[in-house]
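Heads up: the structure comes next, in structure tokens.
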Amino acid sequence: MTAEPFRDADPLSTDPPTSPAAAAVTPVMAQYHEIKRAHPGCLLFFRMGDFYELFFEDAQEAAPALDIALTKRGRHDGADIPMCGVPVHTVDAYLARLIRAGFKVAICDQIEDPAEARRRGAKGPVRRAVVRVVTAGTLTEDGLLDARRHNYLAGIAEAGGELGLAWLDLSTGSFSLAPTADASLAADLARIMPGEILLPERLLARPALFEVLGDWKAALTPLANPRFDSETARRRLESFYGVKALDGFGSFGRAEIAAAGALVDYVALTQQVGGQGGAPHLAPPVRVAPDTVMQIDAATRRNLELATTLSGERRGSLIATIDRTLTGPGARLLAEQLAAPLTLPEAIGARLDAVQFFLDRIDMRTALRQRLRRCPDIERALSRLSLGRGGPRDLAALRDGLGETALIRGILLAPGFVPLPELLARAETRLGEHGALVDRLGRALAAELPLFTRDGGFIAPAYAAELDQLRELRDASRRTIAALQARYAEATGIASLRIRHNNVIGYYIEVSAANVERQGGKLGADFIHRQTMAGALRYTTVELSELASKIASAADRALALELRLFDDLAGDIIAGRERVAAAAAALATLDLAASHAECAAETGWTRPEIEAGPAFEISGGRHPTVEAALAGKDSFIANDCVLGEDRIWLVTGPNMAGKSTFLRQNALILILAQIGSFVPARAARIGIVDRLFSRVGAADDLARGRSTFMVEMVETAAILNQAGPRSFVILDEIGRGTATYDGLSIAWAALEHLHEVNRCRALFATHYHELTALAAKLPALACHTMRVKEWQGDVVFLHEVAPGTADRSYGIHVAKLAGLPEGVTARATEVLEILEKGEEAGALARLADDLPLFRAARRPLPEPSAPRAAPLEDLLREARPDELTPREALELLYRLKAMLEE
Ligand code: ADP
């Protein structure tokens, strides 16, 4: 397959394409082809001994992607068969790379022991079957997942003319549904950020979805249309949850059910291939009603750098700045909540109460966080156990994580601390009671645990008497072998004789060739020769063979017993998985509330007041990430923002004065407030925002063939078409990407539209100070400006927002700061003066006549600028202002100045 799912065949289809000439192939290759045909669209990892091998095109595609050697094996149709392989014990790392590169992988294992197959006298290759299809949306292994993010498998379906969305995280069991629509699908997907999206083939052809599906192309898995039938889906969900009707879970639209059913179907087909593997643990589906979360489109999320910075990193993003969680589930809950700020004041208030509670109780918070640090990721451990791919360490994770719940309850309920706020009280109840299970796991598990059950040795001594006996038998025989070695050494007179063990021939006696020589080439009648190595000979004896088989059979029986005990323990956990999942959710809630409190305590952030009305009053607001970045060097200047009668603030000021920072900080403050976090401000009163829009510093979107200006206009159009009275809009510099008068006119008209039609709260930054004339006409518009000081011909940015308007753009001053040649800035000042006198037509003609080349000749540049101007100019020429973060722009400025001074 390729990374372009549009071209993929349905990977679940069971219709085999026409078979290649099967003539004259080896039995193993015939088996390979048969299995490969049943899994089109997947790379086939074909188990051969200790390796997974890939053949033909699979090998040719995977070898470069994995950076491994492409070799060959045998011939097919007269040509060499390309092959590559990866060792079984490190398969996770290779899978991770292939999945990231957009592949799906079918894992084909040997489902019988080769020795057994030989014993049963079977002709032909050992039995093999695909046990699982690994896809981007169905991962469960820690090595393939980011512990701090959910990995969602999403499904889109259509029924009755409506679109529905469902998404689940197989690694934690969370499962949600929501209605969606052509227009809101992009924002919904941007919120969920699925790793893989299932959809019926026919939706690919729907023009209204072209663009959004194009953005998600690498994650799409189109499937045959009938897989999204809503009636089949309903029945499938009912049988999965063992209920007569889904109504008990809530009322869902048909399209949502169709999407959810397709997900459950896909999970069964990829994870429980051929009925193997356990049923996944999936919580009952929860419906996210469309008006309960703030709508934020993809561009706004990107622009505000909520989950990643514009360059795609987590460091420097809003989440990285506020995340103090200590557990995987806590971190994932934060990511989920940050992606979906709430719109219900009571729900936000409940979260804030929990944060306040922990903020006020530093000892309790510290004690709680100490316990949380010891909590492994029980959510993901539980899900692996449910799917039958858990290991001893997953049991240990549950022992440790559930073990902490009792201690954590003790901390929450310590005398003097009651009553808990509602959210925490509910979490305390959901922690549950796991004493018996924890105790059992504590007794069952050994101190050192192997990764896989098949390695054995994970059950502690004294847990099962039968196991102890088998181990004693094995160990006694081992001691006998040690005694045997001493006896043989004495009998042969060879002190260096050793009894050793390897996986190929088992136990053997090894003597150096020289010693055998000295004995005349023979050791004694009972020594049976087995192997001759370089410099040594290997023997066995009847006595040793008997002992060895006793050990082997005791070890086999011990391992089989351990596996049974493992299944018992896992079965117990799975039987009570709702309670384990509830405890995990409770731990996540506690972790997150304590994380917000910890962050507030460190930063001095305050609790926002949330209300239903249109208020927006921030006093002493700061930008959380810019402030964190400046910490220690410069201090961040706090600014107020009060949108009341004046719903729209027009913010003017030169470049670099802090306009963008101010706009973004207010958007970030309201997001933080509505996720139930404290905010970087002295005080904040915020009336619920239901949609947040931004248009800030876009870059060319060349991949979609759009210029900066086009991107800017597309984003502006979305805002003007969609924003309503409860929306909040930040618009940074619209109309910059075109000619001055064009741009000014567009900005002018957009501002009028926001004021008259959208009637939303908005911050509008511009360097067109001409727009301030509108303040006289538009009653809800107020003018503010970033204060700057002129000092000895230079500008100094004060980063203060004050009422009023900028008297000019200071563009030439900034250009000077940036190191433009003096001749250019002097000339620009002249041009500006003439333009500002307002007699453009005649003046421009005169200016054009008065070619700067002549003037430059008359007034030469200050010498010797040539050697230093070149690198300066080069640097400037290479700079792409649209792609710079404010911080990078500032750094560039410093560099330019430093070069100037050199
Ligand atoms: P503009 O949008 O007006 O061009 P920016 O918002 O990009 O300006 O700000 C430029 C730089 O000024 C920022 O990167 C930041 O380092 C600094 N800055 C902005 N606002 C403040 C502030 N309130 N306090 C301190 N520094 C600030």
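Take the position in the sequence shown, starting the count at 1, then add 15; the result is the number in my numbering.
Each residue gets a CB set at the ideal place from its N, CA and C atoms; glycine is no exception.
Between residue 741 and residue 704, is the Cβ-Cβ spacing less than 8 Å?
Walking along the sequence shown from the start, residue 741 turns up at place 726. Walking along the sequence shown from the start, residue 704 turns up at place 689. Result yes, Cβ atoms of residue 741 and residue 704 sit closer than 8 Å.
Looking at the strands, I want to know which residues DSSP matches up with residue 462.
The residue you call residue 462 lines up with position 447 of the sequence shown. Per DSSP, none; premise fails for residue 462.
Consult DSSP for residue 48 and reduce its assignment to one of helix, strand or coil.
By 1-based counting over the sequence shown, the position of residue 48 is 33. Of the three classes helix, strand and coil, the one that applies to residue 48 here is helix, per DSSP.
Taking the Cβ atom as the reference point for each residue, do residue 302 and residue 257 lie within a distance shorter than 8 Å?
Taking the sequence shown and counting its residues from 1, one reaches residue 302 at position 287. Taking the sequence shown and counting its residues from 1, one reaches residue 257 at position 242. Result no, Cβ atoms of residue 302 and residue 257 do not sit closer than 8 Å.
Quick test of your reading: residue 921 and residue 236, contact by CB under 8 Å. State the CB separation rounded to the nearest angstrom.
Since the first residue of the chain shown is 16 and the last is 917, residue 921 is not available in this structure.
Alpha carbons only, please: which of 126, 113 and 826 is nearest the one belonging to residue 57?
Your numbering for residue 57 matches position 42 in the sequence shown. When each option's Cα is compared against that of residue 57, the closest is 113.
Spell out a yes or no on whether the region 146–159 and the region 198–205 are touching, meaning 3 or more CB-CB pairs, one atom from each, closer than 8 Å.
These segments do not touch.
If you check the beta carbons only, do residue 780 and residue 669 fall under 8 Å apart?
Along the sequence shown, read from residue 1 onward, the residue named residue 780 stands at position 765. Along the sequence shown, read from residue 1 onward, the residue named residue 669 stands at position 654. Against a cut-off of 8 Å, the Cβ pair of residue 669 and residue 780 comes out as no contact.
Please report how far the alpha carbon of residue 798 lies from the alpha carbon of residue 429, in whole angstroms.
Taking the sequence shown and counting its residues from 1, the one referred to as residue 798 is at position 783. Taking the sequence shown and counting its residues from 1, the one referred to as residue 429 is at position 414. In a straight line, the C-alpha of residue 798 is about 54 Å away from that of residue 429.
Should residue 792 go down as buried or exposed, given a rule of 16 or more other Cβ atoms within 10 Å for buried?
Along the sequence shown, read from residue 1 onward, the residue named residue 792 stands at position 777. Exposed: under 16 other Cβ atoms inside 10 Å.
Excluding the 5 residues preceding and the 5 following residue 456 in the sequence, name in chain order all residues of the same chain whose CB lies nearer than 7 Å to its CB.
Here residue 456 is taken as the residue at index 441 of the sequence shown, counted from 1. Excluding sequence neighbours, residue 456 sits near 410, 413, 414 and 584.
Rounded to the nearest angstrom, what separates residue 234 and residue 166 at their Cα positions?
Residue mapping note: residue 234 aligns to position 219 of the sequence shown, counting from 1. Residue mapping note: residue 166 aligns to position 151 of the sequence shown, counting from 1. Computed Cα separation, rounded: 12 Å.
Can you tell me whether DSSP reads residue 909 as helix, strand or coil?
Position 894 of the sequence shown, counted from the first residue, corresponds to residue 909. Looking at residue 909 - three-state DSSP - the assignment turns out to be helix.
Check whether the region 561–569 touches the region 477–497, taking contact to mean three or more Cβ pairs, one atom from each stretch, closer than 8 Å.
In short, these stretches touch, since the Cβ pair count reaches three.
Per DSSP, which one or two residues make a beta bridge with residue 168?
Here residue 168 refers to the residue found at position 153 of the sequence shown. Residue 168 is bridged to 183 and 211.
State the beta-bridge partners of residue 693 as determined by DSSP.
Position 678 of the sequence shown, counting from 1, holds the residue named residue 693. BP columns for residue 693 are empty, so no partner.
I believe residue 634 touches residue 340 by the beta-carbon criterion, under 8 Å. Please report the beta-carbon distance rounded to the nearest angstrom.
Walking along the sequence shown from the start, residue 634 turns up at place 619. Walking along the sequence shown from the start, residue 340 turns up at place 325. Residue 634 to residue 340, Cβ: 29 Å. No contact.
Helix, strand or coil: how does DSSP classify residue 89 here?
The count along the sequence shown starts at 1 and reaches residue 89 at position 74. Looking at residue 89 - three-state DSSP - the assignment turns out to be strand.
Under 8 Å, do residue 193 and residue 313 count as touching if we go by C-beta distance?
As a position in the sequence shown, residue 193 is number 178, starting the count at 1. As a position in the sequence shown, residue 313 is number 298, starting the count at 1. Result no, Cβ atoms of residue 193 and residue 313 do not sit closer than 8 Å.
Check each candidate in 707, 626 and 518 and name the one with the smallest Cα separation from residue 737.
Along the sequence shown, read from residue 1 onward, the residue named residue 737 stands at position 722. The candidate whose alpha carbon is nearest that of residue 737 is 707.
Tell whether a beta-carbon distance below 8 Å holds between residue 245 and residue 273.
Sequence index remark: in the sequence shown, residue 245 carries index 230 (1-based). Sequence index remark: in the sequence shown, residue 273 carries index 258 (1-based). The answer is yes: Cβ separation under 8 Å.
Looking at the structure shown, is residue 793 part of a helix, part of a strand, or coil, going by DSSP?
Indexing the sequence shown from 1 puts residue 793 at position 778. Three-state DSSP puts residue 793 in coil, outside helix and strand.
Rounded to whole angstroms, what's the CA-CA distance from residue 838 to residue 644? Just pull it up for me.
Your numbering for residue 838 matches position 823 in the sequence shown. Your numbering for residue 644 matches position 629 in the sequence shown. One C-alpha to the other measures close to 36 Å.
Distance, Cα to Cα, residue 692 vs residue 346?
If you number the sequence shown from 1, residue 692 lands on position 677. If you number the sequence shown from 1, residue 346 lands on position 331. Roughly 14 Å between the two C-alpha positions.
Whose C-alpha, out of 753, 844, 676 and 783, is nearest the C-alpha of residue 905?
Counted from its first residue, the sequence shown places residue 905 at position 890. Nearest option by C-alpha distance: 676.
Rounded to the nearest angstrom, what separates residue 917 and residue 890 at their Cα positions?
Walking along the sequence shown from the start, residue 917 turns up at place 902. Walking along the sequence shown from the start, residue 890 turns up at place 875. Computed Cα separation, rounded: 15 Å.
Can you tell me where the beta strand (DSSP E) with residue 281 in it begins and where it stops?
What you label residue 281 is simply residue 266 of the sequence shown in a count that begins at 1. Run containing residue 281: none in the beta strand (DSSP E); it sits in the alpha helix (DSSP H), 269–286.
On a Cα-Cα basis, can you pick out the residue from 446, 78, 558 and 508 that is closest to residue 527?
Mapped onto the sequence shown, residue 527 falls at position 512. The candidate whose alpha carbon is nearest that of residue 527 is 508.
Using C-beta distances below 6 Å, list every residue in its chain close to residue 911, excluding the 5 sequence neighbours before and after it, in chain order.
What you label residue 911 is simply residue 896 of the sequence shown in a count that begins at 1. Contacts found: 833 and 834.
With DSSP as the reference, please indicate the residues paired to residue 516 in a beta bridge.
Reading the sequence shown from its first residue, position 501 is the one you call residue 516. Paired residues: 522.
Return the first residue and the last residue of the beta strand (DSSP E) that residue 807 is part of.
Residue mapping note: residue 807 aligns to position 792 of the sequence shown, counting from 1. First-last for residue 807: undefined, no H or E at that position.
In this structure, how does DSSP classify residue 258 when only helix, strand and coil are distinguished?
By one-based count along the sequence shown, residue 258 stands at place 243. The answer is coil: DSSP assigns residue 258 none of H, G, I, E or B.
Give the range of the beta strand (DSSP E) segment to which residue 780 is assigned.
What you label residue 780 is simply residue 765 of the sequence shown in a count that begins at 1. Per DSSP, residue 780 belongs to the beta strand (DSSP E) from 776–781.
Nearest CA to the CA of residue 140: which residue from 111, 397 and 46?
In the sequence shown, residue 140 corresponds to position 125, counting from 1. Out of 111, 397 and 46, 46 has the C-alpha closest to the C-alpha of residue 140.
Going straight from the alpha carbon of residue 513 to that of residue 499, what length do you get?
Looking up residue 513 in the sequence shown gives position 498. Looking up residue 499 in the sequence shown gives position 484. Those two C-alpha atoms are separated by around 10 Å.
Quick one: give me the first and last residue of the alpha helix (DSSP H) that residue 534 is part of.
Residue mapping note: residue 534 aligns to position 519 of the sequence shown, counting from 1. Per DSSP, residue 534 belongs to no alpha helix (DSSP H) and is neither H nor E.
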